[in-house]
Amino acid sequence: MSWQDVTEARDVRAVASPLESARFGLTVERVTVPAGSGASFAEVGAAVLESAADVVVLRYPAEHVGWFAGLTGLGGTAVFADSLVYWRLPAGAGRAPEPVPELSVSGPPAPAEVRELVAAVFAAYGNHYLANPLLDPAAALAGYQEWASRAAAGGGCLTLEHREAGEGRPRLAGLATLEDEGPRTEILLAGVVPGLQGRGLYAHLLRAVEERALARGATEVVISTQGHNTRVQRAWARYGFEPVQTLLTVHLVRSPLPRAHGRDPLPLAGER
Numbered sequence: 015m016s017w018q019d020v021t022e023a024r025d026v027r028a029v030a031s032p033l034e035s036a037r038f039g040l041t042v043e044r045v046t047v048p049a050g051s052g053a054s055f056a057e058v059g060a061a062v063l064e065s066a067a068d069v070v071v072l073r074y075p076a077e078h079v080g081w082f083a084g085l086t087g088l089g090g091t092a093v094f095a096d097s098l099v100y101w102r103l104p105a106g107a108g109r110a111p112e113p114v115p116e117l118s119v120s121g122p123p124a125p126a127e128v129r130e131l132v133a134a135v136f137a138a139y140g141n142h143y144l145a146n147p148l149l150d151p152a153a154a155l156a157g158y159q160e161w162a163s164r165a166a167a168g169g170g171c172l173t174l175e176h177r178e179a180g181e182g183r184p185r186l187a188g189l190a191t192l193e194d195e196g197p198r199t200e201i202l203l204a205g206v207v208p209g210l211q212g213r214g215l216y217a218h219l220l221r222a223v224e225e226r227a228l229a230r231g232a233t234e235v236v237i238s239t240q241g242h243n244t245r246v247q248r249a250w251a252r253y254g255f256e257p258v259q260t261l262l263t264v265h266l267v268r269s270p271l272p273r274a275h276g277r278d279p280l281p282l283a284g285e286r
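Position 74 of the sequence shown, counting from 1, maps to 88 under our numbering, and the rest follow consecutively.
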């Protein structure tokens with residue numbers, strides 16, 4: 015979900031999500047309550063009840079903490095699916111690391127390399143789809159790969175290359191996929207491959223994004239992640255990003271929930 019959807023959209027209504035519907039084999043619609051919209055719970059409830067989708071992915075500002083109780087009374091099943099936290103950096107204000115000779119930045123790699131990088135970086139990422147047993151986790155990861163591939167095909171992708179001492183050809187160490195919208199550059203996905211994490215490489219990836227944003231005249235860089243992902247949020251804070259908005263995510267499911275895809279059901283109280 016883009017920054018523009020969160021901050022600038024005004025209508026609270028269910029919008030079809032054809033890519034998610036095709037990916038999961040269910041009809042999926044999204045309802046987003048933008049920050050500062052002043053929307054009431056009655057409006058949100060009406061939008062949900064008017065939808066005939068199998069799954070409605072609802073996102074609303076976290077300050078409406080009491081809404082979830084009302085959502086459980088709309089029929090079907092309400093599944094809490096974590097939160098989405100947005101951070102912002104004024105372009106040029108980042109605490110960028112000094113360049114190092116073993117790292118270099120390039121543009122979009124080949125499509126197969128994009129998919130391979132995303133699979134490596136985000137295989138263990140706890141996205142909101144994992145809360146819903148109707149949705150296949152493998153299909154969720156494939157969705158991230160498709161998302162990154164579309165951004166790369168449009169030129170919105172940077173890759174970080176790393177060369178170990180004594181190695182000839184550098185290897186792909188991470189990627190950032192981007193969307194440019196007026197004065198803003200939004201980082202859609204960004205990460206470093208597991209074998210190279212913990213070495214400070216991620217800050218160099220952020221520096222490359224910030225430099226690209228400045229080169230095109232952008233005034234800010236924005237990024238988001240699931241609320242539980244505190245490790246990457248610490249990295250953003252060190253770089254100079256500041257948190258600006260949190261949305262709660264709820265999946266509203268029309269039918270009873272079955273056994274999870276490839277996941278054992280949680281034991282009931284007393285079961286072992």
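Built from N, CA and C at the ideal position, the CB exists for glycine as well.
Every value quoted in this text rests on a predicted model; they were computed, and no experiment measured them.
*Kindly indicate which three-state DSSP category Gln-159 falls into: helix, strand or coil?*
helix
*Candidates Arg-252, Gly-169, Pro-184 and Val-236: which alpha carbon is nearest Gly-214's?*
Arg-252
*In terms of alpha-carbon separation, which member of Gly-196, Leu-202, Pro-197 and Leu-189 lies closest to Leu-210?*
Leu-189
*Measuring CB to CB, does Val-62 end up less than 7 Å from Leu-88?*
yes
*Let me know the secondary structure DSSP gives Glu-224 once reduced to three states.*
helix
*Under three-state DSSP, which class holds Tyr-100?*
In the three-state DSSP reduction, Tyr-100 falls in the strand class (E or B).
*Taking the alpha-carbon positions, what's the Glu-200 to Ala-153 distance?*
For Glu-200 and Ala-153, the distance between alpha carbons rounds to 24 Å.
*Start and end of the alpha helix (DSSP H) containing Pro-197?*
From DSSP, Pro-197 is part of no alpha helix (DSSP H); its letter is neither H nor E.
_Spatially closest choice to His-265 from Glu-43, Arg-27 and Gly-157, by CA coordinates_ = Glu-43
*Taking 8 Å as the threshold, find out whether the stretch 75-89 comes into contact with the stretch 123-131 through three or more Cβ pairs.*
no
*Between Tyr-158 and Leu-219, which are expected to be in contact by the criterion C-beta below 8 Å, what is the C-beta distance as a whole number of angstroms?*
Not quite, the Cβ-Cβ distance comes to about 17 Å (not below 8 Å), so this is no contact.
*Keeping to the same chain, check which residues put their C-beta closer than 6 Å to that of Ala-92; ignore five residues upstream and five downstream.*
Leu-85, Thr-86, Val-264 and Leu-266
*Within its chain, find whatever has a CB closer than 7 Å to the CB of Val-246; leave out the 5 residues flanking it on each side and keep chain order.*
Thr-239
*Indicate the three-state DSSP secondary structure (helix, strand or coil) for Leu-94 in the structure shown.*
Note on identity: in this sequence residue 94 is Phe, with Leu being the wrong assignment. Three-state DSSP puts Phe-94 in a strand.
*If I'm right that Leu-98 touches Asp-68 with Cβ under 8 Å, what's the distance once you round it to whole angstroms?*
Under the criterion of beta carbons closer than 8 Å, Leu-98 and Asp-68 do not qualify as touching, at roughly 22 Å.
*For Ala-133, which residues does DSSP report across the bridge?*
DSSP, once it has assigned bridges, lists no residue as partnering Ala-133.
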